[in-house]
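A quick write-up on the structure given underneath.
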Amino acid sequence: MTATDALKARRTLRLPRTAPALRRLGPLGVVAAALLAAVTLTTLLAPVLAPYDPDRPDLFNALAGASPEHLLGGDALGRDVLSRLMWGARTTLSGPLLIIFLSTTIGTTLAITAAWAGGKVDAVVSRLLDVLFAVPGIVFALVAVAVLGPGVPGVVLGLTIAYTPYVARVVRSAALRERQLPYIAAAWVQGRSAVGICVRHLLPNLRPLIIAQSVSALGFAVIDLAAISFLGLGVQPPTADWGLMVKSGLDSATRGQPLEALGAGLLIALVVAAVNVLGDRIGRQEGELR
Amino acid sequence: MTFLLRRLAGLAVVLVVASFLVYGLLYLVPGGPMAFLLGNRSGTPEQIAAIREQYRLDDPFLVRYLAWLGDALQGDFGTSLVYRQDVSALLGARSTTTALLVAYATVVIVAVGVAAGTLAGLRPGRADAVISALASAALAVPTFVIGVLLVIVLALGLGWFPVFGPGEGFLGRLHHLTLPAITLSLGSAAFLARITRASVREELGREHVETARSRGLAERHVVRRHVLRNASIPVVTVTGLTVASLLAGSVVVENVFALDGLGSLFVRAILQRDFAVVQAVVLVLVTAFVLVNLVVDLCCKALDPRLSR
Amino acid sequence: MTLLDVRNLGVAVPAARDWRTLVDGVDLAIGSGEAVGLVGESGSGKSMTARTLLGLTPPGARVTGDIVFDGDSVTGMSRRELRALRARRVAMVFQDPRAHINPVRSVGDFLTEALIAHLGHTPTEAQARATRLLADVGIPDGARRLRQYPHELSGGLLQRVMIAAVLAAEPELVLADEPTTALDVTTQSEVMAILDELRRERGMAMLLITHDLALAAATCDRLSVMYAGRIVETQESTALTATPRHPYTSGLMLSRPSIDTVVDRLPVIPGRPVAAYESGDGCAFEPRCAHAEAHCRDRRPAVQDLAGARVACVRAGELTLQGDTA
Amino acid sequence: MTSLKKSAGPDTVIEAAGLRKEFGPAVAVDDVSLTLERGASLAVVGESGSGKTTLARMLVGLETPTGGTVTVCGRPRKPGRVSSAERRRRAREMQIVFQDPYSSLDKLQRIGAVIETSLDLHFSLTPGERRKRALELLEAVGLSERHASMLPRQLSGGQRQRVAIARAIAVEPQILVLDEAVAALDVSIQAQILNLLADIRERSGIAYVFISHDLAVVHQISDFALVMSGGRVVERGATRALLSAPQEAYTRALRAAVPRPGWKPERRPVG
């Protein structure tokens, strides 16, 4: 039978699951993972590694270019740019991680509940998601800032609300597809509880998708948080933060010192690229496993 | 027709809910609306009375909301506490700048994204590799970083473009908007290129394309009438979503290039706690966003006969 | 007169590190106007064989051997020649019409596009011709159907549309790849009847790819049975069903339950069907064969002529196998 | 006689009366009644859209009937939410095997675990006993110990269907519903599974409800048959009699469409 032929062909082409994780990432994936590890380590070890106190102004170093003492020069207040870049990943990365953790947890719970319960519960959740979708993500964050005042908590709250419907929509449609499969019906007929089926069958089968989804959302969250900080509404000065440094660096650049803006911009781009590559690889594996 | 009516009704519901939330937010602020409206300003009793009057703080919540909504429907969003000007007047001129910026960026996105994506989809190998790599790079760089880089290189370094400001006359404005529009469009164009490539690839592998080939139709004919035609459906959907998200992206870009549009007004209003302006801008953005989505749905329905039942 | 002559056809697709053989040493001949059935289970390579005849192999596939159509070598054709072959001389009916007809184009578009492109019809002529073709395949209200989209038609109607499209080209050979597998039994009967009748009227030859031996036997002049990428037996249909010469053919027939008789337990072929690349050096069927002997593992059995049958089994001459009794 | 209307005796395992299922405006199943005796095999035959699968899903409780009643092993099945204890009790009465061998197993669950989970839900066994019983069940369906540690994708379609059968009989139900359970399999595998099902019924006295479009398969596996079309039962009777001398035009057309030696496809006006 040709239909089963095709099914079988698709299944035999799968990658062996036992292949080592690194090899499955591919060379580019390994580079991306290494870059993220290096950034994380650097920022954790910044108190030891950074040559200067990131917050100490030095008028002699203000808007200075690169020099042996200050490899990337100084910012408008004369603070060492390299030291500030080393510290700067903390807020740039921890905020998005929190946003993704929260939105993935809330979104997945909502999605699986809606997909399993179906009927009215699903209709209510879907309408709610539709309404949330009618507002561009960054607007949520800005409104939250308008209410709570500039700062990280408002942005995290706003972006969590903004990201949750994306997670929920993707997971819900995958969960709806998955729950149509006969193995779920078989578990139900066997007398398994709804919670048991969701936790033991549905969730593990959706896990690769959820991971791929949250990794690629992480890239967007880094960009969004940095953009809001750039606008002056997120992380507040004098904290060393990449988004903020692009902002102050733009000012310095018009006055002849582009290294602060370039360095911070480049680092954000590299981190996001690395996260995207990882998300892409994980997503591709998920596709092959289907 | 019933489809359109249903969609319009849904749209109205979304707008009512959004407006309710936007209005209600004022009351979620710690300390209540009064503390919020006064913000860091210290109010004299007269000012406080004036604010109470303007925001009808003595009426019940629903009455106030309905009154505000009624006014908003007539284009009256109240008076800005900072500018001491009608909010609608503040919005008017700035909307044009933002609309022009978004339109400019849309043209760039569709032209570059669809062309590059189609090319990459149809030509596996070098063209595909180059385009995919460029798209990945462009996707990783945040809008504001692109903007800052363009300012540093093209405007400050090479002096090809004006750095800041809106410009005079239509051509002048376009010239001034070129860097902002490129900034705004780069990431989205890359995203659209990816989607286009993926959907062209997917269609190329479809069974009905095999049928067309098995009938001896010329490859050009197969590509045009079957592959591209079918691939256009997801591309249109994503284009719409992208354009809608440009409305939000313009907030950032206007700030980089110091353009006086809705976005920069929005950010200033937030910083200065000018709530009448915040409410109005959010409503305008949501309305535009929802309208763009409606247009996309209509396009998809026209393109895909399976959707019209 | 031989219309299609396939000699020693092999198809392999690239796998992780090496080649994966799907079709191996297939010889097949079809005379003009003749109907030949190619029968096999999943992985037998029957569908790949049919696609290869039209050059529709997956990207990177390696094709060996000769395919000669009406004196011309198909394997050596330029793209233009191949297109001309597909356009006017060899046409294909696919298994799943819902996937194989563009869902966003109307039925009319589907039927007329080839008429306009290949036969130089004007759109109006093509419309009229398409309506007549639909009438030929038993769809009376053609003008209305032409304006409909595939999702508005049932699977059976859609498969008739596919057949009408094939007839439009007036080819000399129709390749029908499981044309009725996705359909209900009563619809299958009708669609096969239409295909059979119109093919005979127009003197077209047919290669019917199917897993259903009884269906193939009822509609084809001659049958070839495939196993693991090779043809194991070829005979006239009636002879093959009465006196199968290959143990696999016999096993396939006997393991299928009958609507006329009930047996306590069905005689089964143990194990599962394998693809060409999964089989060893000897006879691919040997591990499942009730009549296997040690030397069956030694080498691939050569095809031998045996009283009008061509059989790839070293023991074919000494075995008396049971066929379908009716 | 399973097919004839009579009062439910002690040996009746399913008694369904006036079953109806609507999906919005569409009526999938319309006034279907059936009885099934202990250890009997009842086939439900029909083409796509006949309502046979919906009927099967209502019997096992995957769909709630719009109307009608189902009594299983003497206990009426009340519609609506039921306690988990009641659901497990129902599971011990009736199990189901689906058509698609690829998606009827959780792709992340090892074969041994599939069977053990099912034992765990219904019997209190020590881990050792459970493991032993799971291996017995796998052997009963023609698999061996080495399959227990495999994932579904390491098995062929026929082997997966054997696992699905083992999972179903693990809870020792009175009735097994087989929804097109051999339709997706190759001919040579189909025969193996049909024989396996015959063996299981002979050994355990389980009753089958066999949903199928394939008259030849139905002929081989069932004692009684219902022919369904458009949601209604058009004919019922003992399978052999029904197929050798069908009374209704629809059944005759269905039978006439089955390819067999000497058969020619028949063209009918488009309906």
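Line order of the protein sequences matches chains A, B, C and D. Under the UniProt record's numbering, residues 1 to 290 are what the first sequence spells out, in order. Under the UniProt record's numbering, residues 1 to 309 are what the second sequence spells out, in order. Under the UniProt record's numbering, residues 1 to 326 are what the third sequence spells out, in order. Under the UniProt record's numbering, residues 1 to 271 are what the fourth sequence spells out, in order. Note that beta-carbon positions come from the ideal geometry of N, C-alpha and C, so glycine has one too.
Taking just the CA atoms, how far does residue j sit from residue i?
{"i": "M94 (chain D)", "j": "Q190 (chain A)", "result": "9 Å"}
{"i": "E41 (chain C)", "j": "L134 (chain B)", "result": "47 Å"}
{"i": "R299 (chain C)", "j": "A312 (chain C)", "result": "11 Å"}
{"i": "M58 (chain D)", "j": "A91 (chain D)", "result": "14 Å"}
{"i": "I106 (chain A)", "j": "I101 (chain C)", "result": "42 Å"}
{"i": "G74 (chain A)", "j": "P237 (chain A)", "result": "16 Å"}
{"i": "C198 (chain A)", "j": "I112 (chain A)", "result": "7 Å"}
{"i": "G67 (chain D)", "j": "S229 (chain D)", "result": "19 Å"}
{"i": "V74 (chain C)", "j": "L82 (chain C)", "result": "7 Å"}
{"i": "N276 (chain A)", "j": "V200 (chain B)", "result": "22 Å"}
{"i": "M92 (chain C)", "j": "I268 (chain A)", "result": "54 Å"}
{"i": "A144 (chain A)", "j": "R90 (chain A)", "result": "22 Å"}
{"i": "Q174 (chain D)", "j": "G39 (chain D)", "result": "8 Å"}
For residue i, report the span of its alpha helix (DSSP H) as first-last.
{"i": "M86 (chain A)", "result": "V81 to A117"}
{"i": "P208 (chain A)", "result": "L203 to F230"}
{"i": "S264 (chain B)", "result": "L262 to L271"}
{"i": "T2 (chain B)", "result": "T2 to L25"}
{"i": "Y166 (chain A)", "result": "V152 to R179"}
{"i": "F257 (chain B)", "result": "Counting along the chain, F257 (chain B) falls outside any alpha helix (DSSP H), and DSSP gives it neither H nor E."}
{"i": "D196 (chain C)", "result": "V185 to E201"}
{"i": "W263 (chain D)", "result": "Taken as a continuous stretch (DSSP letters only), W263 (chain D) belongs to no alpha helix (DSSP H), as it is neither H nor E."}
{"i": "S50 (chain D)", "result": "Unbroken run through S50 (chain D): none, as it is neither H nor E."}
{"i": "R232 (chain D)", "result": "Segment R232 to A238 is the beta strand (DSSP E) holding R232 (chain D); no alpha helix (DSSP H) there."}
What whole-angstrom Cβ distance do residue i and residue j have, given they're in contact under 8 Å?
{"i": "A231 (chain B)", "j": "E203 (chain B)", "result": "5 Å"}
{"i": "S33 (chain D)", "j": "S222 (chain D)", "result": "So it is not a contact: roughly 18 Å between Cβ atoms."}
{"i": "L154 (chain B)", "j": "L101 (chain B)", "result": "17 Å between Cβ atoms; not a contact."}
{"i": "G279 (chain A)", "j": "V222 (chain A)", "result": "At roughly 12 Å, the Cβ-Cβ gap does not stay under 8 Å, so G279 (chain A) and V222 (chain A) are not in contact."}
{"i": "A87 (chain C)", "j": "G216 (chain B)", "result": "3 Å"}
{"i": "V6 (chain C)", "j": "L28 (chain C)", "result": "4 Å"}
How would you write the range of the beta strand (DSSP E) that residue i sits in, first residue to last?
{"i": "A205 (chain C)", "result": "A205 to T210"}
{"i": "Y208 (chain D)", "result": "A207 to S212"}
{"i": "R38 (chain D)", "result": "Premise fails: R38 (chain D) is in no beta strand (DSSP E) and is neither H nor E."}
{"i": "I146 (chain B)", "result": "Element bounds for I146 (chain B): not the beta strand (DSSP E) but the alpha helix (DSSP H), T143 to L150."}
{"i": "E286 (chain C)", "result": "E286 (chain C) -> no beta strand (DSSP E), and no H or E assigned at all."}
{"i": "D199 (chain D)", "result": "Taken as a continuous stretch (DSSP letters only), D199 (chain D) belongs to no beta strand (DSSP E), being part of the alpha helix (DSSP H) at V187 to S204."}
{"i": "K21 (chain D)", "result": "T12 to F23"}
Taking 9 Å as the cut-off, decide whether the C-beta atoms of residue i and residue j are in contact.
{"i": "V63 (chain C)", "j": "G10 (chain C)", "result": "yes"}
{"i": "I138 (chain A)", "j": "A162 (chain A)", "result": "yes"}
{"i": "M204 (chain C)", "j": "P179 (chain C)", "result": "no"}
{"i": "L111 (chain C)", "j": "A35 (chain C)", "result": "no"}
{"i": "A216 (chain D)", "j": "I14 (chain D)", "result": "no"}
{"i": "P134 (chain A)", "j": "D122 (chain A)", "result": "Note on identity: in this sequence residue 134 (chain A) is Ala, with Pro being the wrong assignment. No. Outside cutoff."}
{"i": "P136 (chain A)", "j": "D100 (chain D)", "result": "no"}
{"i": "G231 (chain D)", "j": "D30 (chain D)", "result": "yes"}
At a Cβ threshold of 9 Å, is residue i touching chain E?
{"i": "I189 (chain D)", "result": "Absent here is chain E; the protein component of the structure consists of chains A, B, C and D."}
Chain C contacts from the stretch 229-249 of chain D (Cβ-Cβ distance under 9 Å): T239, R240, L243 and S244
If contact means a Cβ-Cβ distance below 8 Å, which residues of the stretch 178-198 of chain B contact chain A? none
What residues in the stretch 198-219 of chain A bring their beta carbon closer than 7 Å to a beta carbon of chain D? H201, P204 and N205
Chain A contacts made by the stretch 48-71 of chain D, where a contact means CB separation under 9 Å: R57, V60, G61 and L62
Chain D contacts made by the stretch 161-186 of chain C, where a contact means CB separation under 7 Å: D184, V185 and T186
Pull out every residue of the stretch 125-141 of chain B whose Cβ sits closer than 8 Å to any Cβ of chain A, in chain order. S136, A137, L139, A140 and V141
Under 9 Å (Cβ pairs) to chain A, residues found in the stretch 222-245 of chain B: A244 and S245
Given a limit of 8 Å on CB to CB distance, which residues of the stretch 289-306 of chain B reach chain C? L303, D304, P305 and R306
Output, in sequence order along the chain, the residues in the stretch 269-303 of chain C whose CB is closer than 7 Å to any CB in chain D. I269, R272 and P273
For the stretch 61-88 of chain A, which residues have a beta carbon sitting closer than 9 Å to at least one beta carbon of chain B? none
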